[in-house]
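Before any comments, here is the structure.
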Amino acid sequence: MVARVWVIWLLVGALLPLSLGQAEERSKATPQRVVSMNLCTDQLAMLIADEDQLVSVSALAKDPLNSSMADQAAGYAINHGRAEEIHLLNPDLVITGRFNAGPTVEMLRRLGISVVVFDPANSLHDIRDNLIKMGDVLGQPERAQTLVKEFDQRLAMLSQPALNPPRAALYFPNGYTRGDNTLLGDIVRTAGFANIAMEAGVQAGAHMSLEKLVMAAPDIIITGSRHDGKSRSENILQHPALDTAARWQVKHELKTSDWVCGTPQALAAVERIGALRGSLMGAR
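In UniProt numbering, the protein residues as written are 1 to 284.
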């Protein structure tokens with residue numbers, strides 16, 4: 001009996017340094033001071049990062065028009081994506097989006113700062129990929145996997161059948177529309193609508209004239225949130241033709257913060273558009 005106890009203690013003594021060493025290696029591999037300089041990586045990081053791991057987010061993260069996590073962002077220092085201010089934050093990791101990967105990223109890397117670049121989400125599936133990537137980058141894979149599981153379950157509940165779907169037009173400032181090869185296009189398709197941009201051969205994003213939109217005669221028109229100040233680019237959204245262009249005479253304003261970034265919040269847009277479809281189809 002005594003001999004067996006000694007064997008157990010010897011094994012514990014042999015394994016303890018190994019486990020401590022593994023924990024130390026994990027600690028070294030996990031970044032402790034993370035700075036995000038992109039609205040979309042801001043929100044992914046706020047969802048996944050450990051407490052005190054994320055030290056700064058971009059200024060846009062606090063803008064409720066564009067950020068679905070503006071309240072949470074209030075607890076972080078902000079940055080404006082300038083290399084000098086980010087360097088002063090003494091990060092051991094900077095995360096950003098592909099569209100921000102310019103001179104600032106090059107300068108930060110020359111300064112010896114690790115930078116990880118994320119591609120924008122062009123589909124709901126891309127959101128899963130970016131959640132997993134963010135979990136790996138931050139050393140929080142389990143937390144990311146939990147979010148992915150919840151995302152998949154909710155997406156399965158919200159997905160609508162595509163049999164004879166009503167037709168929707170996506171219309172934004174400057175007459176810009178989006179096709180199915182975009183996150184918003186995938187959101188609309190998943191919610192049970194057909195996107196008229198595809199009929200016009202638009203796969204990603206392109207300009208659509210007001211005349212072409214009217215001639216397409218969509219069932220509904222979906223636009224984004226309006227800014228407080230009027231801009232010339234938004235003037236087209238005030239055109240009276242849009243009030244009657246849709247066959248069902250419905251012009252629906254979708255919260256920009258729900259879909260402008262590939263985060264689980266995109267499912268709120270799927271839910272809202274799906275509910276709109278249900279109410280419109282039920283009334284017909």
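Note that beta-carbon positions come from the ideal geometry of N, C-alpha and C, so glycine has one too.
Distance CB(residue i)-CB(residue j) smaller than 7 Å
{"i": "residue 191", "j": "residue 274", "result": "yes"}
{"i": "residue 256", "j": "residue 205", "result": "no"}
{"i": "residue 193", "j": "residue 218", "result": "no"}
{"i": "residue 130", "j": "residue 262", "result": "yes"}
{"i": "residue 57", "j": "residue 33", "result": "no"}
{"i": "residue 124", "j": "residue 87", "result": "no"}
{"i": "residue 168", "j": "residue 132", "result": "no"}
{"i": "residue 109", "j": "residue 115", "result": "yes"}
Among the options, nearest to residue i - alpha-carbon criterion
{"i": "residue 80", "options": "92, 96, 138 and 72", "result": "96"}
{"i": "residue 99", "options": "73, 67 and 41", "result": "41"}
{"i": "residue 185", "options": "163, 254 and 217", "result": "254"}
{"i": "residue 134", "options": "31, 262, 45 and 182", "result": "45"}
{"i": "residue 60", "options": "78, 54 and 104", "result": "78"}
{"i": "residue 258", "options": "87, 56, 66 and 180", "result": "66"}
{"i": "residue 138", "options": "264, 94 and 113", "result": "94"}
{"i": "residue 101", "options": "92, 207, 161 and 37", "result": "37"}
{"i": "residue 119", "options": "113, 39 and 92", "result": "39"}
Cα-Cα separation, residue i to residue j
{"i": "residue 272", "j": "residue 178", "result": "18 Å"}
{"i": "residue 35", "j": "residue 216", "result": "45 Å"}
{"i": "residue 17", "j": "residue 72", "result": "Bear in mind that a pLDDT of 42 at residue 17, under 50, signals an unreliable position, so the model cannot answer this."}
{"i": "residue 52", "j": "residue 147", "result": "20 Å"}
{"i": "residue 188", "j": "residue 214", "result": "19 Å"}
{"i": "residue 159", "j": "residue 183", "result": "15 Å"}
{"i": "residue 163", "j": "residue 195", "result": "14 Å"}
{"i": "residue 2", "j": "residue 31", "result": "Annotation note: pLDDT 41 at residue 2 (below 50); position unreliable, coordinate value reported separately. If I take the Cα positions, the gap works out to 45 Å."}
{"i": "residue 211", "j": "residue 151", "result": "39 Å"}
{"i": "residue 153", "j": "residue 136", "result": "22 Å"}
{"i": "residue 268", "j": "residue 68", "result": "10 Å"}
{"i": "residue 155", "j": "residue 266", "result": "10 Å"}
{"i": "residue 127", "j": "residue 63", "result": "21 Å"}
{"i": "residue 106", "j": "residue 83", "result": "9 Å"}
{"i": "residue 207", "j": "residue 103", "result": "29 Å"}
Start and end residues, alpha helix (DSSP H) containing residue i
{"i": "residue 151", "result": "141-158"}
{"i": "residue 86", "result": "83-88"}
{"i": "residue 128", "result": "124-137"}
{"i": "residue 257", "result": "256-259"}
{"i": "residue 185", "result": "183-190"}
{"i": "residue 105", "result": "103-110"}
{"i": "residue 44", "result": "39-48"}
Residue range of the beta strand (DSSP E) that includes residue i
{"i": "residue 220", "result": "220-224"}
{"i": "residue 98", "result": "No beta strand (DSSP E) contains residue 98, which DSSP labels as neither H nor E."}
{"i": "residue 167", "result": "167-170"}
{"i": "residue 263", "result": "Unbroken run through residue 263: none, as it is neither H nor E."}
{"i": "residue 291", "result": "Residue coverage of the chain in this structure runs from 1 to 284, which leaves residue 291 outside it and unanswerable."}
Interface flag, residue i vs chain B, CB-CB below 7 Å
{"i": "residue 38", "result": "The question asks about chain B, but that chain is absent: this structure has only one protein chain."}
Flag this pair as touching only if the segment 129-148 and the segment 159-174 have three or more C-beta atom pairs under 8 Å; answer yes or no. no
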